[in-house]
Structures are given as C-alpha cells and as structure tokens.
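Sequential numbering of the sequence shown, starting at 2, is according to my numbering. Everything on this sheet refers to the single structure shown next.
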Amino acid sequence: MKNIVIIEDNYSHFKSLKKHLSSRYNCYPNFITDDDFFNFRGNIAKSFSGGNKEAEARSYINSILKRIDNIDLFVIDLQLKEDDSSFNVNGKFFYDFFVKNNPDITQKVPVLFITAEEIV
2 MKNIVIIEDN YSHFKSLKKH LSSRYNCYPN FITDDDFFNF RGNIAKSFSG
52 GNKEAEARSY INSILKRIDN IDLFVIDLQL KEDDSSFNVN GKFFYDFFVK
102 NNPDITQKVP VLFITAEEIV
C-alpha cells in the first residue's frame, strides 16, 4: 500500500480523511490518543511562533516525518489554523518548510492541498 501523510488542524477532519483513505492507503501520522493529535498540531504552531520552544517543536515534527518510510503523498490542509487567530502558518508554508526544503525527505513527494468548511 502507498503511504499518505495527512496534515490537518481539525481532529474530526483528520479522522474523517483517514477513515475514507485507510482502506486503500497507509495513513500517517498514527495518533494513539486524541492528545497525540493535539500535541502534533500544537507543535506545528510552536514551530513558527518565534518563541524559545520553536527549535524543539520543529525537531518534534521532523522526528514524526522521519519515522514514515517512502511517503507517496502529502494531503495538507491549506488553512491550518483551527480556532487560533494568532496562528498564521498555512499549509503551503508547512509544505515548503517541512517537506520541500527538508534534507531528510530526498524524493520529490506530491502534495494535495485541501480545505473544506466541513468534511463528513
């Protein structure tokens, strides 16, 4: 099966995408608990905050991506700012920083940017 990485800020959207895609694809990241998802999402925000936790948060995101072998596709929410008006990083910015310019991801990986008012 092909490996897909879903980057989404809304947990219900993440679960819905994973539910629809997982019968044909391996979907990542694998969150064991709800808190794992919110920790991941929080680290995306922290990684561009300019604060003293920025480097630690970027390292965390990169460590998650490094654990996934042979990524075939990224599905990234274009908005990435659920319930946080101070969080101004969009999906394109995430892709440029963590995928396109990431030395650990050596192959070119296609990306599908998505956005929706509600996914069911």
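Just so it is clear, CB atoms sit at the ideal spot from N, CA and C, and this is done for glycine as well.
{"Asked": "To test your reading of the DSSP string, which unbroken beta strand (DSSP E) runs of 3 or more residues are found completely within the region 4-45?", "Found": "26-29"}
{"Asked": "In this structure, what does DSSP give as the bridge partners for ASP78?", "Found": "ILE115"}
{"Asked": "Which of the three DSSP states is assigned to ILE106 in this structure?", "Found": "coil"}
{"Asked": "Looking only at C-alpha atoms, which of CYS28, ARG42, GLY51 sits nearest to ARG68?", "Found": "CYS28"}
{"Asked": "For LEU113, count neighbouring Cβ atoms within 10 angstroms of its own Cβ and tell me buried if that reaches 16, exposed if not.", "Found": "exposed"}
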